[in-house]
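With the first letter of the sequence shown counted as 1, position 314 gets the number 315 in my numbering; the numbers rise by one all the way through.
Quick reminder that beta carbons are idealized off the backbone N, C-alpha and C, glycines included.
These figures come from a predicted structure and were not determined experimentally.
These notes are about the structure you will find just below.
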Amino acid sequence: MTDIEISSRPERTASPRDLEDVGLPPIQTIGTTSTPAIPPIHAVDVAPRWNESRTTVWRLSATCWCALLMGANDAAYGAIIAYLELYYRKSYTVISLVFLSPFAGYTISALLSNWVHHRCGRRGVAILGAGCHLLAFTVISFHPPFPVLVIMYILVGVGSGIYNAAWNVWIGNMANAHEVLGIFHGFYGLGATTSPLIATSLITKAGWNWYSVYYLLAGAAAIELIYTTTAFWRETGTDYRRDNSSTTTTTGSLSQTRLSLSYRVTWICAIFLFLYGGIEVTIGGWIVVFMTTVRHGSAFASGMTETGFWLGITTGRFVLGFVSPRVGEKLSIAGYLIVAIALELIFWLVPQFIVSALAVSLVGFFLGTIFPGVVVLSTRLLPRSVHVAAIGFAAAFSMGGGAVFPFVIGAVAQAKGVTVLQPILLAMLAVALGSLLCIPIESLL
């Protein structure tokens with residue numbers, strides 16, 4: 002992708018605030034008449050750059066903090082799930098509800114996302130997402146009864162889902178989108194890498210209880226609320242409707258959601274991300290249990306294996322995010338999936354702790370940049386008017402996969418043992434590769 006993209010997006014006139022953000026003087030007015038707002042016939046829409054102004058950099062850094070916190074939350078499951086089982090005295094199947102319950106939240110966020118954008122803008126997104134995180138983490142830190150715990154994870158799903166849709170679309174429409182999305186998702190991986198490391202160390206070395214980890218997450222959510230709200234305070238619903246006037250004047254936000262579902266690309270990407278999200282969170286959520294019970298590792302060493310997986314995810318997003326655009330998104334994603342399948346076979350067939358730990362870290366490395374790549378594909382293949390609705394739907398599917406598949410693994414593991422993890426993951430990777438090939442290559446040329 003070039004530094005400046007020329008697209009068929011509807012042109013709009015720069016507002017005084019837009020000009021101020023990029024360091025230009027506002028439009029001068031004489032009396033009640035402003036400078037003519039009609040762009041010249043040769044005008045094009047230039048994709049914004051991440052560093053075009055201090056305001057944009059500040060906003061991008063706020064989204065990266067959100068990604069960091071979302072990653073920390075998602076990876077915390079794997080580090081604490083064994084302790085949840087002991088604390089609440091529940092079976093694998095029941096405990097796995099902590100994976101499944103966020104799916105309800107993601108579904109709610111998919112329905113709300115476009116409406117919140119239209120009514121409250123990105124300011125509303127910032128307040129709602131961080132508010133859900135802060136409330137949920139605070140309640141969980143008081144180790145409530147198990148039914149309340151499940152409800153709080155639904156609330157976490159609402160916050161993470163609405164953030165995922167909003168920030169992926171906002172960054173996905175920038176110049177060099179794949180590289181910038183790689184950084185954004187890299188911060189997710191950074192949070193996912195450090196979270197199990199911190200949680201495992203505090204629980205096994207410092208003697209903390211599992212719920213003490215949520216003291217830290219609640220503090221991070223308080224920072225998130227202040228950070229994102231101040232960064233996007235001027236991004237109101239009026240601004241969003243103005244920037245997307247070609248759609249808001251003719252159809253409502255719910256109609257836009259229905260329209261986005263009429264595109265085949267939306268469904269292909271949603272199904273693919275459903276499988277991808279399931280693969281990522283299933284590995285992160287169950288690898289500690291697998292390495293402890295099947296590979297007979299210690300609690301600390303097994304926890305470090307999860308850290309290695311998320312470190313691979315993080316490194317892959319920062320590194321491969323600059324490689325994929327030069328190879329081509331679809332081709333690179335297919336290649337990464339093939340390599341991941343080969344590594345999963347090694348993980349499954351070589352029953353040694355060190356080999357398994359190394360293989361799962363490399364799986365994370367090659368899976369890392371797949372989500373940003375699919376978001377870039379979506380923004381290229383779909384009209385801008387349905388980006389929020391379509392990517393919000395696909396992101397909800399991704400997080401839904403991250404909720405459903407770990408739950409299914411837990412239910413099957415209760416009956417068959419955790420050894421079922423590897424063959425199920427292999428099957429999911431193969432189906433994901435098949436769904437990717439349903440996107441016609443001609444549409445990308």
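The residue among Gly158, Ile163, Leu61 and Gly369 with its C-alpha nearest the C-alpha of Gly393 is Ile163. By the C-beta density criterion, Cys270 is buried, having at least 16 other C-beta atoms within 10 angstroms. For Gly298, the three-state secondary structure derived from DSSP is coil.
For Ile347, the closest alpha carbon among the candidates Leu427, Met305 and Arg385 is that of Leu427.
Judged by DSSP in its simplified three-state form, His144 adopts coil rather than helix or strand. Rounded to the nearest whole angstrom, the C-alpha separation of Ser436 and Phe188 is 27 angstroms. Ala207 is classed as exposed because its beta carbon has fewer than 16 other beta carbons within 10 Å across all chains shown. The Cβ neighbour count for Gly418, taken over all protein chains shown within 10 Å, is under 16; the residue is labelled exposed. Per DSSP, reduced to three states, the secondary structure at Arg60 is helical. With distances taken between CA atoms, Val413 lies nearest to Val95 out of Val432, Val95, Val126 and Glu225. Phe100 is positioned such that its CB atom lies no closer than 8 angstroms to that of Pro326. Looking from the CA of Leu382, the closest CA among Ser261, Trp116, Ala193 and Arg55 belongs to Ser261. One thing to note: Gly402 has its Cβ no nearer than 8 angstroms to the Cβ of Ser362.
Ranked by Cα distance from Leu218, the options Thr108, Ala200, Gly183 and Ser386 are led by Ala200. With distances taken between CA atoms, Leu87 lies nearest to Trp211 out of Trp211, Ile172, Gly72 and Ile152. Within the model, the alpha-carbon separation for Ala127 versus Ala137 is close to 16 angstroms. Counting C-beta atoms within 10 angstroms of its own C-beta, Val149 has fewer than 16 neighbours from the protein chains shown and is therefore classed as exposed.
Boundaries for Trp234: no alpha helix (DSSP H) harbours it, and the DSSP string shows neither H nor E there. Straight through space, the alpha carbons of Gly365 and Ser202 are spaced by roughly 22 angstroms.
Where Tyr212 is concerned, there is no enclosing alpha helix (DSSP H), because DSSP gives it neither an H nor an E. The alpha carbon of Pro352 has as its nearest neighbour, out of Val376, Thr294 and Ala83, the alpha carbon of Thr294. Our two residues, Ile82 and Thr306, have alpha carbons roughly 15 angstroms apart in a direct line. Three or more Cβ pairs closer than 8 angstroms define a contact, and the stretch 271–280 falls short of that threshold against the stretch 162–181. Spatial neighbours of Ala68 in its own chain (CB-CB distance under 6 angstroms, excluding positions within 5 residues in sequence) are listed in chain order as Phe185, Phe188 and Tyr189.
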